[in-house]
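Here the sequence shown is numbered in this note's numbering, starting from 74 and rising by one per residue.
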Amino acid sequence: MKKGIVLGIMMAVAACANAFVVNVSNIPEQLKGEKLLLINRLDNKTIASTEMTGESASLTGELDKPTYCMLDYSYDIGNGRITYHVPVFVANDTVSVRFIDYTDGTAKRSGGELNEKFEEIFAKVKSMLPAPEPEQKTAIDDYVMNQAIKNRSNPLGAYLVGILSSTLSPKIWLGLYHELSADMARYPVLIEESDRMRAEEAQEPGEPVKDIVCQTPDGKTVRLSDYVGKGKYVLVDFWASWCGPCRREAKESLTPLYEKYKDNKNFMILGVMTSDKLEKQLEALKKLHYPWTQIIDADRLAGKTFGFKFIPQIMLISPDGKILRRDLRGEEITRYVDEALNGIKAK
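Now the structure itself:
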């Protein structure tokens with residue numbers, strides 16, 4: 074009998090040793106009644122949840138090791154809902170998260186070594202802002218990269234490598250990713266990003282543009298290669314019906330460019346709709362009446378093929394089918410097209 078009691082106590086202690094508590098405070102009135110989720114980024118599963126009914130809330134559970142997680146919450150914004158993800162590092166301890174600005178996911182973390190390091194790193198980054206000059210931006214990237222390498226064997230390092238994917242070139246980012254320990258490199262968000270970076274690296278300027286199967290609005294099967302590499306410059310615009318910046322770019326940049334060069338036989342604009350359901354794509358085309366050629370990436374493979382995760386993604390393709398420029402936005406779209414067609418060197 075005593076042996077059973079002792080064994081039960083030992084099992085209870087072992088369970089408690091892996092228990093965590095995440096206390097959230099300063100919850101605003103706008104989030105009352107909304108769900109608060111704690112998501113384990115190792116498998117993207119919810120490990121704790123609660124309804125936010127007051128100014129504070131607690132989430133509890135068990136983890137067998139320190140883990141990079143996200144606190145997720147959503148709320149109404151008039152004509153829809155928006156979701157924010159607050160990074161937090163959870164271990165067998167108590168973590169406190171204080172909301173600072175719920176409209177952009179800003180929060181203050183305390184409790185646990187990794188959360189303290191996180192706050193220290195981003196306080197340093199904040200002190201280096203704003204960073205309009207290339208030298209300043211490079212200094213910030215270098216600092217965060219060094220911190221990622223220092224934390225290569227813990228979840229903070231995995232998180233830092235992840236956020237650097239938006240600022241580093243594929244070659245540099247992939248090199249940094251391979252600095253992570255094997256356990257940290259297993260986070261799905263990083264595996265997905267490494268696949269995307271390799272695709273982007275294979276489709277950098279100077280590389281022949283890859284082919285994808287698409288369809289015309291009337292359902293005919295076509296390929297990207299039916300339009301590019303045919304002896305003319307092609308400005309390819311990957312966009313989606315739900316994308317506000319895509320529509321703005323079409324109105325402010327592509328429409329004037331089309332009017333300027335619509336009679337030039339050495340140039341065309343090609344819209345490629347992607348990342349959306351077919352019926353939504355067809356509905357948008359009927360409503361918007363863009364005058365340039367449009368095809369549909371019905372299988373939604375463009376992002377994986379060309380290594381982009383944000384749209385619009387606008388590329389300038391040479392007459393022989395090589396990528397001249399990618400990630401074009403705003404005035405630079407016209408500048409680089411002018412350079413290609415008229416021999417005017419873009420600044």
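Think of the CB as a built atom: it goes at the ideal place given N, C-alpha and C, for glycine as much as any other residue.
Whole-angstrom distance between residue j and residue i, CA atom to CA atom
i	j	result
Ala85	Lys138	With a pLDDT of 43 at Ala85, under the threshold of 50, the predicted position of this residue should be treated as unreliable, and no value is reported.
Gly279	Glu206	27 Å
Val94	Tyr331	57 Å
Trp315	Leu358	12 Å
Tyr250	Lys382	18 Å
Pro290	Leu351	9 Å
Lys210	Val170	28 Å
Tyr409	Pro281	18 Å
Ala130	Leu187	21 Å
Met388	Gly248	26 Å
Leu401	Ser242	16 Å
Ser200	Ile213	10 Å
Glu65	Tyr260	An answer regarding residue 65 cannot be provided, because it is not within the stretch 74 to 420 covered by the chain.
Asp174	Ser98	12 Å
Met276	Tyr363	Per the sequence shown, residue 276 should be read as Gln rather than Met. So the alpha carbons of these two residues sit roughly 27 Å apart.
Arg373	Glu189	41 Å
Glu405	Ser298	25 Å
Val161	Arg182	7 Å
His158	Met341	40 Å
Met83	Lys223	For Met83, the pLDDT reaches just 42, beneath the cut-off of 50, and the residue's location in the model is therefore unreliable, although a value from the coordinates is still provided. So the two alpha carbons sit approximately 36 Å from each other.
Leu263	Leu136	21 Å
Val485	Ala92	Since the first residue shown for the chain is 74 and the last is 420, residue 485 is missing from the structure and cannot be characterised.
Val198	Thr140	23 Å
Ser226	Ile120	23 Å
Tyr334	Glu356	27 Å
Met257	Thr176	30 Å
Leu361	Lys303	27 Å
Ile112	Gly134	12 Å
Ile155	Tyr146	8 Å
Glu412	Lys338	16 Å
Thr294	Ala313	19 Å
Phe172	Leu132	15 Å
Cβ separation of residue i and residue j, assumed to be a contact under 8 Å, to the nearest whole Å
i	j	result
Gln288	Ala371	5 Å
Asp215	Gly185	The Cβ separation is near 26 Å, so there is no contact.
Leu229	Phe191	6 Å
Ile100	Glu124	That belief does not hold up - the Cβ atoms of Ile100 and Glu124 are roughly 11 Å apart, past 8 Å.
Phe379	Lys283	7 Å
Ala221	Leu233	4 Å
Per-residue DSSP class, three states only, for residue i
i	result
Ala196	helix
Thr407	helix
Glu124	strand
Gln234	Before going further, note that residue 234 is Val rather than Gln in the sequence given. The answer is helix: DSSP assigns Val234 an H, G or I state.
Arg321	helix
Met500	Coverage of the chain is limited to positions 74 through 420, which leaves residue 500 absent and any answer about it impossible.
Val301	coil
Val97	strand
Leu241	coil
Asn91	coil
Ala282	One point to set straight first is that residue 282 is Val, not Ala, in the sequence displayed. The answer is coil: DSSP assigns Val282 none of H, G, I, E or B.
Leu80	Confidence at Leu80 is low in this model, with a pLDDT of 44, below 50, so the placement of that residue should be treated as unreliable; the coordinate-derived value is given next. The answer is helix: DSSP assigns Leu80 an H, G or I state.
Arg373	coil
Ile222	helix
Glu135	strand
Gln386	strand
Asn113	strand
Phe379	helix
Gly248	helix
Ile173	strand
Thr350	The residue you asked about is not Thr; residue 350 is Lys in the sequence shown. Of the three classes helix, strand and coil, the one that applies to Lys350 here is coil, per DSSP.
Tyr148	strand
Arg259	helix
Thr156	strand
Cβ-based burial, residue i [other Cβ within 10 Å; buried from 16]
i	result
Ser326	buried
Gln103	exposed
Asp349	buried
Gly416	exposed
Arg399	buried
Glu322	buried
Pro385	buried
Gly344	buried
Arg114	buried
Ile396	buried
Thr347	buried
Ile369	buried
Ala255	exposed
Ile285	buried
Leu80	In this prediction, Leu80 scores a pLDDT of 44, lower than 50, which makes its location untrustworthy; the coordinate-derived value is nonetheless stated afterwards. Exposed: under 16 other Cβ atoms inside 10 Å.
Residue i at chain C interface by Cβ criterion, 7 Å
i	result
Leu361	The chain inventory of the structure shown lacks chain C, comprising one protein chain alone.
Residue i beta carbon near the ligand GTP (any heavy atom closer than 6 Å)
i	result
Pro392	Here there are no bound small molecules, and the ligand GTP is not part of this structure.
Counting pairs of Cβ atoms below 8 Å between the region 232 to 245 and the region 265 to 274, do you hit three or more? yes
Would you check if the region 391 to 411 and the region 306 to 320 touch, i.e. whether three or more CB-CB distances between them fall below 8 Å? yes
Is there contact between the region 150 to 157 and the region 106 to 123, where contact requires at least three CB pairs shorter than 8 Å? Taking a cut-off of 8 Å on C-beta distances, the region 150 to 157 does not touch the region 106 to 123, as fewer than three cross pairs fall below it.
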